[in-house]
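Asker: In my numbering, the protein residues as written are 26 to 306. All C-beta atoms in this analysis are idealised placements derived from N, C-alpha and C, irrespective of residue type, glycine included.
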Amino acid sequence: MKTVVITGVTSGIGLETARILTKQGYAVIGIGHSAENCNKARESILSGNPDAIIVFFAADLMQQREVLRVSDEIKAYLDTECGGELYALINNAGCVRSWYMTTNEGYEQQFALNHLAGFLLTHKLLPYLIKANGLVIMTGSESHKRTKVRWNDIMLSRGYNPLIAYKQSKLCNILYAKGLNDRYASSGVRAYVVDPGLVKTDIGNKNTGSLVNLVWTVRKRFGVPPSVPAETYAFLCGQNKKPEGLYYYLCKENKYSKEVTSDNADRLFALSERLCGINYL
Ligand SMILES: NC(=O)c1ccc[n+]([C@@H]2O[C@H](COP(=O)([O-])OP(=O)(O)OC[C@H]3O[C@@H](n4cnc5c(N)ncnc54)[C@H](OP(=O)(O)O)[C@@H]3O)[C@@H](O)[C@H]2O)c1
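(1) Per the contact definition of three or more C-beta pairs closer than 8 Å, is the region 233-246 in contact with the region 110-125?
(2) Identify every residue that forms a DSSP beta bridge with residue 133.
(3) Going by beta-carbon coordinates alone, are residue 282 and residue 199 separated by less than 9 Å?
(4) Measuring only from the beta carbon, is residue 47 closer than 8 Å to any heavy atom that is part of ligand 1?
(5) Hey, which unbroken runs of the alpha helix (DSSP H) at 4 residues or more fall wholly within the region 243-301?
(6) Just the C-alpha distance for residue 278 and residue 165, rounded to the nearest angstrom, thanks.
(7) With DSSP as the reference, please indicate the residues paired to residue 180 in a beta bridge.
(8) Run through DSSP, which three-state label would residue 160 get?
(9) Just the C-alpha distance for residue 182 and residue 133, rounded to the nearest angstrom, thanks.
(10) Going along the chain, which unbroken runs of the alpha helix (DSSP H) with 4 or more residues stay wholly within the region 57-90?
(11) Where does the unbroken beta strand (DSSP E) through residue 38 begin, and where does it stop?
(12) Less than 8 Å between the CB atoms is what I'm expecting for residue 251 and residue 218, so what's the real figure, rounded?
(13) Could you give the distance in angstroms between the alpha-carbon of residue 31 and the alpha-carbon of residue 48?
(14) Got a sec, what are the start and stop residues for the alpha helix (DSSP H) residue 209 sits in?
(15) DSSP puts residue 217 in a beta bridge; with which residues?
(16) How would you call residue 294, buried or exposed, if buried means at least 16 neighbouring beta carbons within 10 angstroms?
(17) So residue 52 and residue 70 are supposed to be a Cβ contact under 8 Å. How far apart are they, rounded?
(18) Among 288, 303, 259, which has the Cα closest to the Cα of residue 50?
(19) Could you tell me which of 139, 210, 193, 190 sits nearest to residue 154, measuring between CA atoms?
(20) With respect to 8 Å, is the separation between the Cβ of residue 131 and the closest non-hydrogen atom of ligand 1 below this value?
(21) Starting from residue 28, trace the beta strand (DSSP E) both ways and give me its first and last residue.
(22) If you count every other CB in all the chains shown that lies within 10 Å of the CB of residue 81, and 16 or more means buried, which is it?
(23) Hey, how far is the Cα of residue 78 from the Cα of residue 176?
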């Protein structure tokens with residue numbers, strides 16, 4: 026049986042992806058923000074599919090110490106229950122903020138969760154992915170096309186604009202996936218980014234101010250249900266031969282920003298390694 030780790034599994038896109046993958050017979054390891062939300066997600070998935078194989082781990086992935094703790098727990102689980110193999114890691118947890126807010130490490134929260142958490146978690150689980158010739162899938166966004174990386178102030182500490190910070194974190198998702206493919210294609214691991222489109226979830230209503238809340242409450246009415254993008258993760262996981270593309274929308278390869286170059290990917294890799302205190306190779 027193939028095992029898939031999904032972050033941000035307790036609501037929205039992550040929850041629907043867990044639902045579809047468990048229905049298709051994958052064993053899912055879900056990482057949720059809180060034990061309470063993990064329990065609700067477990068009930069929701071099992072009520073529709075009592076045979077679903079799913080376990081949950083709770084962690085605040087914004088904090089690097091928490092990423093390290095939960096990755097150790099998951100590694101132990103993969104060793105004892107899954108033959109030391111991980112077929113896919115879906116880095117989906119994400120957030121929106123209205124103000125400059127930082128983590129325990131002093132990192133801007135959207136950058137820390139939307140990019141660094143996946144960067145660090147993937148590093149920790151990479152030997153398990155390599156053993157399974159596995160996949161890394163990032164949840165990106167079409168909004169990555171409308172920005173560049175601010176290399177001199179990547180956390181936007183000077184003149185913070187939350188929307189630019191969000192878009193940049195999504196550009197980092199695709200740069201990171203490219204950097205992974207540049208480094209690990211020969212090891213059998215392949216990385217992808219899914220653009221979910223506009224999806225009716227509560228992401229803009231969590232820990233945001235009244236303006237962002239209001240704008241998102243109106244905007245999300247035009248979104249598709251999260252079961253729609255969930256199909257694209259299932260599509261990527263279900264291919265016998267790994268697709269050649271990098272960026273996928275509605276199960277099809279899509280164009281991405283011209284900012285996505287190997288030079289920018291290398292630069293982001295080096296910076297992220299320094300911010301996480303790790304070395305990939
Ligand atoms: N909705 C859209 O239109 C859209 C479009 C493009 C991209 N995306 C991306 O899709 C991904 C999923 O978002 P969504 O729309 O499905 O919203 P969502 O329902 O709010 O999902 C976000 C998930 O991340 C979790 N999370 C938040 N902070 C966390 C933390 N500190 N530690 C661990 N987990 C945390 C949330 O858990 P809690 O709720 O328990 O905090 C939730 O399960 C995000 O990466 C987002 O950027 C969404």
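Answerer: According to the structure shown:
(1) yes
(2) According to DSSP, residue pairing for residue 133 in a beta bridge involves 127.
(3) yes
(4) The answer is no for residue 47.
(5) 252-263, 287-301
(6) Straight-line Cα distance between these residues: approximately 13 Å.
(7) Paired residues: none, contrary to the question.
(8) strand
(9) Whole-angstrom Cα-Cα distance: 8 Å.
(10) 60-73
(11) Where residue 38 is concerned, there is no enclosing beta strand (DSSP E), although the alpha helix (DSSP H) it sits in stretches over 37-48.
(12) At roughly 17 Å, the Cβ-Cβ gap does not stay under 8 Å, so residue 251 and residue 218 are not in contact.
(13) 15 Å
(14) 187-209
(15) 162
(16) buried
(17) Wrong, their Cβ atoms sit about 12 Å apart, outside the cutoff.
(18) 259
(19) Residue 210 is the option with its Cα nearest to residue 154.
(20) No, the beta carbon of residue 131 sits no closer than 8 Å to any heavy atom of ligand 1.
(21) 28-32
(22) buried
(23) 42 Å
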